[in-house]
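Counting in my numbering, the sequence shown runs from 2 upward without gaps.
Cβ atoms here follow ideal geometry from the backbone N, Cα and C, with glycine treated the same way.
No experiment lies behind these values; they were computed from the predicted model shown.
One structure is given here, and the rest of the page talks about it.
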Amino acid sequence: MTLRELKAGESAVIASVGGEGATRQHFLDMGVIPGTEVTLIKFAPMGDPMELRVHDYELTLRLSEAEQIGIRNSGSEPAIEESGSKKISEKKTEKKSGKHHHHHPGLGEGGIFHEKATEKKLPEGTLLTFALAGNQNSGKTTLFNQLTGSNQHVGNFPGVTVDRKSGAIKGKPNTEVVDLPGIYSLSPYTDEEIVSRQYIIGEKPKGIINIVDATNIERNLYLTMQLIELDVPMVLALNMMDEVRGNGGSIKINEMEELLGIPVVPISAAKNEGVDELISHALHVAKYQESPGKKDFCDESDHGGAVHRCLHGIMHLIEDHAKRADIPVRFAANKIIEGDSRVIDILDLSQNEKEMIEHIIIQMEEERGLDRSAAIADMRFSFIDKLVKETVVKTEVSRERERSEKIDKILTGKFTAIPAFILIMGLVFWLTFNVVGAWLQGLLESGIDFLSGKVEALLVASDVNEVVHSLIIDGIFNGVGSVISFLPIIIILFFFLSLLEDTGYMARIAFVMDRPLRKIGLSGRSIVPMLVGFGCSVPGVMSSRTLPSERDRKLTVMLIPFMSCTAKLPIYGFFIAAFFPGRGALIMIGLYLLGILMGIVVALISKATALRGEAVPFVMELPNYRMPGARNVLQLLWEKAKDFLMKAFTIIFVATIVIWFLRSFTLGLGLAVDAGDSILAKLAGIIAPIFKPMGFGDWRIATALITGFIAKESVVSTLSVLFGSTDALVAAISTAAAGALLIFCLLYTPCVAAIASIKRELGRRWALRIVLIQCAVAWIVSFAAYGILSMIL
Ligand code: GDP
Ligand code: MG
Numbered sequence: 002m003t004l005r006e007l008k009a010g011e012s013a014v015i016a017s018v019g020g021e022g023a024t025r026q027h028f029l030d031m032g033v034i035p036g037t038e039v040t041l042i043k044f045a046p047m048g049d050p051m052e053l054r055v056h057d058y059e060l061t062l063r064l065s066e067a068e069q070i071g072i073r074n075s076g077s078e079p080a081i082e083e084s085g086s087k088k089i090s091e092k093k094t095e096k097k098s099g100k101h102h103h104h105h106p107g108l109g110e111g112g113i114f115h116e117k118a119t120e121k122k123l124p125e126g127t128l129l130t131f132a133l134a135g136n137q138n139s140g141k142t143t144l145f146n147q148l149t150g151s152n153q154h155v156g157n158f159p160g161v162t163v164d165r166k167s168g169a170i171k172g173k174p175n176t177e178v179v180d181l182p183g184i185y186s187l188s189p190y191t192d193e194e195i196v197s198r199q200y201i202i203g204e205k206p207k208g209i210i211n212i213v214d215a216t217n218i219e220r221n222l223y224l225t226m227q228l229i230e231l232d233v234p235m236v237l238a239l240n241m242m243d244e245v246r247g248n249g250g251s252i253k254i255n256e257m258e259e260l261l262g263i264p265v266v267p268i269s270a271a272k273n274e275g276v277d278e279l280i281s282h283a284l285h286v287a288k289y290q291e292s293p294g295k296k297d298f299c300d301e302s303d304h305g306g307a308v309h310r311c312l313h314g315i316m317h318l319i320e321d322h323a324k325r326a327d328i329p330v331r332f333a334a335n336k337i338i339e340g341d342s343r344v345i346d347i348l349d350l351s352q353n354e355k356e357m358i359e360h361i362i363i364q365m366e367e368e369r370g371l372d373r374s375a376a377i378a379d380m381r382f383s384f385i386d387k388l389v390k391e392t393v394v395k396t397e398v399s400r401e402r403e404r405s406e407k408i409d410k411i412l413t414g415k416f417t418a419i420p421a422f423i424l425i426m427g428l429v430f431w432l433t434f435n436v437v438g439a440w441l442q443g444l445l446e447s448g449i450d451f452l453s454g455k456v457e458a459l460l461v462a463s464d465v466n467e468v469v470h471s472l473i474i475d476g477i478f479n480g481v482g483s484v485i486s487f488l489p490i491i492i493i494l495f496f497f498l499s500l501l502e503d504t505g506y507m508a509r510i511a512f513v514m515d516r517p518l519r520k521i522g523l524s525g526r527s528i529v530p531m532l533v534g535f536g537c538s539v540p541g542v543m544s545s546r547t548l549p550s551e552r553d554r555k556l557t558v559m560l561i562p563f564m565s566c567t568a569k570l571p572i573y574g575f576f577i578a579a580f581f582p583g584r585g586a587l588i589m590i591g592l593y594l595l596g597i598l599m600g601i602v603v604a605l606i607s608k609a610t611a612l613r614g615e616a617v618p619f620v621m622e623l624p625n626y627r628m629p630g631a632r633n634v635l636q637l638l639w640e641k642a643k644d645f646l647m648k649a650f651t652i653i654f655v656a657t658i659v660i661w662f663l664r665s666f667t668l669g670l671g672l673a674v675d676a677g678d679s680i681l682a683k684l685a686g687i688i689a690p691i692f693k694p695m696g697f698g699d700w701r702i703a704t705a706l707i708t709g710f711i712a713k714e715s716v717v718s719t720l721s722v723l724f725g726s727t728d729a730l731v732a733a734i735s736t737a738a739a740g741a742l743l744i745f746c747l748l749y750t751p752c753v754a755a756i757a758s759i760k761r762e763l764g765r766r767w768a769l770r771i772v773l774i775q776c777a778v779a780w781i782v783s784f785a786a787y788g789i790l791s792m793i794l
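What follows is the structure, encoded as C-alpha cells:
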C-alpha cells in the first residue's frame, strides 16, 4: 500500500521510501523515513498535493511523490524499535564512569569554562565570524535583526543569487554574523543548502549559531546534528520558548546541553529574551574555539550497531583524505554513505578504497535492513527521538497549532480556499494600487514635479546652457523621476507580501495552487511572483528569489513580463478611447488573458527545450500561523527600497540619459529643434519597417515604442507629442493595426527597471535572452493578430 491510498484523517507507518537521488534524500531529510508514523491531514482543494503530519509538523507532498512511499498499518509494529535502547544519558554516564566527566562547554556553569590545558584561545582582535543557520520559519530573520540591529550588508553569495546578509553583533566590534539561507539539511539538494555548507566548510566561520524552533524540535534538530558533525564551535538558540511556556511545556536545558555537547540557550527572538545570553555564549565558544563536545550520535546498541560500525570503519579509512581535503571526517563519512558525489570527488579516494567503502556500506545495509541513506537519516532521527523523550516536556495541546488548524479550515478548505485566495490577493492589489500606493505615488510625483519646477526656475535664472537645462529637466527629472514614482507601489506591495510570507499564508497559497502550476512545469511557489507581476514586474522578479531551484526561478522570471503590469494600463486606456470606444472591458480582459496564454505557451516551450526537467518535488513545511514582527517587515522594506533606488540611479539613470541624448540631438550633434530630426527619430525610421507587416510602420510609433522601454507609460506621452492629436493617430493607422499595436505593447520587452532586476537575479545573458524572446513573441503574435483583425474588422 502506498501513501497515496491513505484517506484524510488516517495514520500509517512508513514502510519504504522510493524515488532516487536528491529527491529521495530530500524526503528522508524531511523526516519521511521507514518506521515513522504519518497522518494524512487533508488534500489541497484541487486534490493534489496532500498535507501530512510527520515528526510533529505539517508538510506537503504531491500525490505522484506519495505514490513512491510505501506504508503499513500503524498498529502492526511499533513505530520505533525500543529494543536495547537504554536511555542515552544512562549509557553515557556508564561509558564515562571513572573517566573525566565531560562538562558541556557552557559559560560560567559552576565556574567551569573549558579545560585550560587544551585551551585554544584565538588571539585578541581576531574577527569572530558566525554562521547563523536554521530551518525556514525558525525565526532566523527575527534573530538576525535582533543580533545585528541596523548595521547589515546585503550581497550575494559568490556565483549564485542567494542572498548573503551579514552584520556585526550590536555593541560587539570585531564580530560578524552571516545569515545563511533557511535550510533543512546539508544535503546538496537546493542552492541554499550547497551555499550554506560551502560557507561553513570553505570559509570556516569561527562559530555557528544554530537557531531551532522549540515548538517543532524534532525536525529542527535534524539540521543541528549535521552542523555538529562539521566540528565548528557552536551554540544552539532554542527559539519560540514563549510559545512553549505559554502552552505549559518546558525543556530541560541542562540535560539537552549534556546530550548534545553544545551550549543551549532558550530564547524568544520576537520578544528579545535570552538574546544577550546567547551572544555571550557564542562569543565564548568562538573565542576559545570550543568544538562540540560530542559528535558521535550513532548508537552502538542500535540495531546491533550496524550503522555505528559502518560509520566508524569509513571514518578510519578516509581520515587522511579528509584531513588533506580539509573537511571534517565525520561529515565526510556520512556524506559518502549518503552517496554525495561532491564530497566523494573532493576526497580523492583510490579505486581500492572506494571498493572497500562500498563493501562496508553493503554489509551495513544487510545488517540494518535499510538502504544507506535511510539508515543514516534513521540514525539521526532515532537519536533525536530519544533526546526529545528525555528533555522535552510536551503539552497536550498547542494553542498555536489549534489556532492554525482553525484558520486552515478556511484558508485551505476544499471550497473556501480559492475564494479566500482571490479575496486576499484582490484586497492586497486594491490597497496597493488604488488606495495607499496611488496616494503615495501621487504625493511623490507632485514632490518630484515641485523639485523639478524649482530646479528649472533656478536653471533659467542662472542662465545655464540650453543642453544642460534639457539634460537635467527632460532627461533626469522626467526619466528617473517617472521610474522613481513607482517606488511607493513597490514598497507597499512588498509590505503586504512580507505580511503574507511571515504569517505563513504564502506557504498555503503554494499548497493550494501547486496543481495548476505544475502543468506548466512550475510548482506552487511560483504563483506569488507571477501574481505580483500583474502589479509590477520589478517586485515580481525580486520575489522570485525565494524559489528553491534555479530552473524554477528562471522559468518563473521568464513568465513574469507576460503578466500585464499596471504601467501598461495607460496605453490600453489611450488606445481604447481612440479606436475601440465602448469595448473597453472586452479588450482589457482579452489583453490580460492573452498575456497569460502567451506566458503558458512560452512556459510549455521552455519546458520542452531549454528548461527541461520537472519542477522540484513539493515537499514543503506548512508552519503555524504567526504574527510577523514589525521590525522584520520594516527591515525588509528598507532593503527592497534600497535595492530599487540603487537600480534607479545606475542602470535606469544611464538608460534615460541615452534616450534623452538620442531624442535631443540631430545626427550632426546639433540640438534637435523638430522632433523629426533627432537621432531617435532617425533610428526609429530605420526600425519602423519591422512594424510594416502589422500596419504601424510609422517612425513616430517606433519612437514611442523605444521610449516605452524606459517606462511603459511613456508610450502614450511620446505618441501625444509626436502626433499632436488623437485624430492624427487615428488617421495614421487602421483599427486592425491599432489592435496589433496594443498586443505588441502588451508583449514586447520589459521596461528598463524590470530588465535591471532580471539581470540582478539571473545575470546578463538571461536578461538579454528574455528581452529577445519577448520581442520575438510580440512580433509574431502581433503579426498574426493583424492578419485576423484585418479580416474581421
Ligand atoms: P525565518 O523564516 O527563519 O527567517 O523566520 P522569521 O524570522 O521570518 O519568523 C517566522 C515567524 O515567526 C514570524 O512571524 C516571526 O514574527 C515569528 N517569530 C520569530 N521568533 C519568534 C519567537 O521567539 N516567538 C514567537 N511567538 N514568534 C516568533
Ligand atoms: Mg526569514
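| Taking buried to mean at least 16 other C-beta atoms within 10 Å of its own C-beta, is Leu7 buried or exposed? | buried
| task | Please report how far the alpha carbon of Glu339 lies from the alpha carbon of Thr130, in whole angstroms. | result | 30 Å
| request: Could you check what DSSP says for Gln69 in three-state terms: helix, strand or coil? | output: coil
| said: Taking 8 Å as the threshold (C-beta atoms), are Gly208 and Met242 in contact? | reply: no
| task | Kindly indicate which residue of Ala754, Ile561, Ser453 and Val394 has the alpha-carbon position closest to the one of His470. | result | Ser453
| field | Buried/exposed call for Met628, threshold 16 Cβ in 10 Å | value | exposed
| query | Can you give the Cα-Cα distance for Val266 and Ala508, rounded to whole angstroms? | reply | 29 Å
| field | Pair within 8 Å by beta-carbon distance, Gly249 and Thr396 | value | yes
| Can Thr396 be considered in contact with the ligand GDP, in the sense that its beta carbon sits closer than 7 Å to one or more heavy atoms? | no
| Spatial neighbours of Thr750 in its chain, beta-carbon cut-off 7 Å, leaving aside the 5 residues before and after | Phe710, Val772, Gln775 and Cys776
| said: Spatial neighbours of Tyr626 within its chain, please: C-beta separation below 7 Å, excluding the five flanking residues on both sides. | reply: Arg404, Ser405, Ile408, Thr504 and Gly505
| task | Mind checking who Lys43 pairs with in its DSSP beta bridge? | result | Glu52
| said: What residue range does the beta strand (DSSP E) around Tyr58 cover? | reply: Tyr58 to Leu62
| field | Extent of the continuous alpha helix (DSSP H) to which Phe332 belongs | value | Val330 to Ile338
| In or out: Asn175 buried (at least 16 other Cβ within 10 Å) or exposed? | exposed
| request: Take Val722 and list the residues in its own chain whose beta-carbon comes closer than 6 Å to its own, dropping the five residues that flank it on each side. | output: none
| Ile362 versus Gly126: straight-line alpha-carbon distance, rounded | 46 Å
| message | Are there any heavy atoms of the ligand GDP lying less than 7 Å away from the beta-carbon of Asp243, as far as the coordinates show? | response | yes
| task | Reducing DSSP to helix, strand and coil, say where Lys410 ends up. | result | helix
| message | Considering only DSSP beta bridges, list what His154 is partnered with. | response | Ser167
| task | Check whether the Cβ of Ser197 lies closer than 7 Å to any heavy atom of the ligand GDP, and answer yes or no. | result | no
| request: Identify the continuous beta strand (DSSP E) that holds Pro267 and give its terminal residues. | output: Val265 to Pro267
| Beta carbon of Ala271 nearer than 8 Å to that of Gly630 | yes
| said: Taking the straight line between their C-alpha atoms, what separation do you get for Pro35 and Thr433? | reply: 48 Å
| query | From which residue to which residue does the alpha helix (DSSP H) around Gly857 run? | reply | Nothing in the structure corresponds to residue 857, since the chain is present only between 2 and 794.
| Under 8 Å, do Met599 and Leu748 count as touching if we go by C-beta distance? | yes
| Do you know whose CA, among Ile702, Pro420, Gly71 and Gly140, lies nearest Gly677's CA? | Ile702
| task | Answer yes or no: do Thr61 and Phe512 have a C-beta to C-beta separation smaller than 8 Å? | result | yes
| request: Could you tell me which of Ser527, Leu428 and Ser188 sits nearest to Glu551, measuring between CA atoms? | output: Ser527
| Under a Cβ-count criterion, where at least 16 other Cβ atoms within 10 Å of its own Cβ denotes burial, should Ala462 be classed as buried or exposed? | exposed
| said: Nearer than 7 Å: is that true of the beta carbon of Ala270 relative to any heavy atom of the ligand GDP? | reply: yes
| field | Ile385 burial status per 10 Å Cβ neighbour count (16 or more: buried) | value | buried
| said: Just checking Asp515 against the ligand GDP - is the residue's beta carbon closer than 7 Å to any of the ligand's heavy atoms? | reply: no
| request: Could you tell me whether any non-hydrogen atom of the ligand GDP is closer than 7 Å to the CB of Gly183? | output: yes
| said: Nearest by alpha-carbon distance to Ile411: which of Pro46, Gly22, Ala786 and Val18 is it? | reply: Pro46
| request: May I have the straight-line CA-CA distance separating Ser399 from Ile218, to the nearest angstrom? | output: 13 Å
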